[in-house]
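So that you can map any letter, position 21 of the sequence shown is 33 in this note's numbering, and since no number is skipped, the others follow by simple counting. Built from N, CA and C at the ideal position, the CB exists for glycine as well. Report on one structure; see the data block that follows.
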Amino acid sequence: LSRGLGDVYKRQDLFWDKIEPLIKKAVVYSGGRHTVDTTKYLCKTGVMQLWIVFKTVKDIEAIIVTQKAIYPAKTYLTVVLCGGKNMAKWAGEGIKTITDYAKNNNCHGVEVMGRPGWRKIFNKHVKYKESYVLFESYF
């Protein structure tokens, strides 16, 4: 099984017909923070990073979208969207690739906000610490 994972913002249009449905499913869980159009634009301009997990050259298995979060004392690489299939098969490589990217781009760490099901992935592949629970109010 051949897999590739890379930031492809300069070439995302080549794969957009396969990427868009995965982003569309993922933005549903963003609480309205992201849309397909804003994600495409921000990835294309380099504000966000689009990572693609390829099963084969023509078959995209998953997408991950990251963005730098600059806090007053630290900078983190934040996974803002993730969607696809067979996560258990590529999650370890994906986490390592994104962690390496964060280290090489002067980030202090990687953060992920996601549904509770993420716990089992992180517990299996890395020792991420569950830091807090997010409470929201919508207007």
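Please name the residue, chosen from the options, that lies closest to residue i on a Cα-to-Cα basis.
i	options	result
Lys86	Cys119, Thr50, Trp63 and Leu62	Cys119
Gly126	Phe147, Lys70, Asn116 and Lys52	Phe147
Lys1	Lys101, Cys55, Ser149 and Ala100	Absent from the structure is residue 1, since the part of the chain shown begins at 13 and ends at 151.
For the beta strand (DSSP E) that contains residue i, what are its first and last residues?
i	result
Ala74	Ile72 to Ile82
Is it buried or exposed for residue i, if we count other Cβ within 10 angstroms and need 16 for buried?
i	result
Ala103	buried
Thr68	exposed
Ile133	buried
Lys136	exposed
Phe66	buried
Thr51	buried
Asp25	exposed
Trp28	exposed
Val91	buried
Please look up how many angstroms separate the CB atoms of residue i and residue j, rounded, as I've assumed it's under 8 Å.
i	j	result
Gln61	Thr78	5 Å
Tyr88	Val122	6 Å
Assuming residue i is part of the alpha helix (DSSP H), what are its boundary residues?
i	result
Phe134	Trp130 to His137
Thr109	Met99 to Asn116
Cys55	Val48 to Lys56
Glu32	Gln24 to Val39
Would you check if there are 3 or more beta carbon pairs closer than 8 Å linking the region 95 to 106 to the region 64 to 76? The region 95 to 106, when compared against the region 64 to 76, does touch it at the 8 Å Cβ threshold.
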